[in-house]
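Numbering (my numbering), first residue to last: 49 to 303.
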């Protein structure tokens, strides 16, 4: 259903089961999946794909040009997965040619009101981004991580899978997987046991104990951090292998 006041380009692909609310704008080159709901005054720029069962609330802007002075109008994209919720006045900028050309939001992501996701970000499945978060370009956020409200993440930093960042904090270093981070400056706050207990099949007691030992070695042993990281990269834990990959910027939250 398309509201009479909405503008939908003839070159947009909108499934019949989608709902396009009043005063929405859907540009050419957009793909809107089954059962997607755009509430009022949502603007979806060209090059955006919205997966099925995603709900976008009032005033959101998806796929606007990146706020990057190097951007020269290249045809870049935004990809939003299935079952996502983007609340009021969320903004998601398109990618840049230098950053791979696509800003990605995976399935089942919740982005609360007034949050901003900049160019070339990679937001993985199940992430929760609370109200008013400001996420700089090229940021990676792993599966089922949570950001507290009004959190700011500087460009090119990373939040690992199943991690939690407390509200109102500035993330200027990488937050490793399955941990909590809080404080000013931001610091390591132990394992995020709440998230691990929500996924008992993935995190049996033996795996949780192994993670705890790894972080004690990293943060409490007094050994050179680079030496411990090399061991973690070569170890059996896939979350460490994914986190400390070729894109890792070399910084970690403080102990």
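Don't be surprised by glycine CBs; every beta carbon is placed ideally from N, CA and C. All of these numbers come straight from a predicted model, not from anything done at the bench.
Proximity below 9 Å, CB of residue i to CB of residue j
i	j	result
residue 150	residue 99	no
residue 117	residue 90	no
residue 184	residue 197	no
residue 125	residue 97	yes
residue 209	residue 290	yes
residue 234	residue 157	no
residue 187	residue 163	no
residue 120	residue 141	no
residue 192	residue 236	no
residue 12	residue 206	Because the chain spans 49 through 303 in this model, residue 12 falls outside it and cannot be assessed.
residue 285	residue 276	no
residue 62	residue 87	no
residue 240	residue 218	no
residue 222	residue 299	yes
residue 82	residue 60	no
residue 262	residue 238	no
Host alpha helix (DSSP H) of residue i (start-end)
i	result
residue 260	253 to 267
residue 287	286 to 291
residue 276	273 to 282
residue 112	No alpha helix (DSSP H) contains residue 112, which is instead part of the beta strand (DSSP E) from 109 to 112.
residue 243	241 to 245
Selected residue, minimal CA-CA separation from residue i, among the options
i	options	result
residue 153	174, 146, 162	174
residue 294	213, 140, 204	204
residue 178	164, 138, 195	195
residue 52	192, 61, 69	69
residue 78	54, 85, 58	58
residue 64	50, 275, 256	50
residue 134	123, 267, 107	107
residue 211	200, 190, 219	190
residue 199	181, 84, 193, 127	181
residue 144	130, 159, 170, 136	170
residue 155	213, 224, 271, 129	129
residue 94	127, 161, 66	127
Terminal residues of the beta strand (DSSP E) in which residue i lies
i	result
residue 153	150 to 153
residue 227	227 to 230
residue 126	125 to 128
residue 139	139 to 141
residue 96	96 to 98
Supposed close pair residue i, residue j - CB separation, criterion 8 Å
i	j	result
residue 74	residue 56	4 Å
residue 226	residue 244	6 Å
Chain C within 9 Å of residue i, Cβ atoms only
i	result
residue 296	Absent from the structure: chain C. Only one protein chain is present.
Heavy atom of the ligand PLP within 8 Å of residue i beta-carbon
i	result
residue 266	Of the ligands one can find in the structure shown there are none, so the ligand PLP has no counterpart to examine.
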